[in-house]
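Position 53 (the sequence shown) corresponds to 53 in the UniProt record's numbering; numbering is contiguous.
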Amino acid sequence: MEITKKTTMGEMLDYDRGIAYVLMQSGMHCVGCPSSIHESLEDACAVHGLDVDEVFASIQEYLNSKKA
């Protein structure tokens, strides 16, 4: 699965639950909130005042580390 900034939180977590840890480390603590499941990464970051590029880079780094 290709994860982008438009990917919903639910899709990301269904793909890899470890992404939840990355999101929480980035300051997004509502990962399990039912309303967040349908938000894109971009929207969720905007709601929490987070830089989507930084959070996205952290997710990519995590996923790439699993491939190594």
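Note that beta-carbon positions come from the ideal geometry of N, C-alpha and C, so glycine has one too.
- The alpha-carbon separation between residue 11 and residue 37 amounts to approximately 8 Å.
- Check the Cα spacing between residue 52 and each of 1, 22 and 18: the tightest is with 22.
- Counting C-beta atoms within 10 angstroms of its own C-beta, residue 47 has fewer than 16 neighbours from the protein chains shown and is therefore classed as exposed.
- Looking from the CA of residue 29, the closest CA among 45, 15 and 16 belongs to 45.
- Residue 26 sits in coil when the DSSP states are folded into three classes, being neither helix nor strand.
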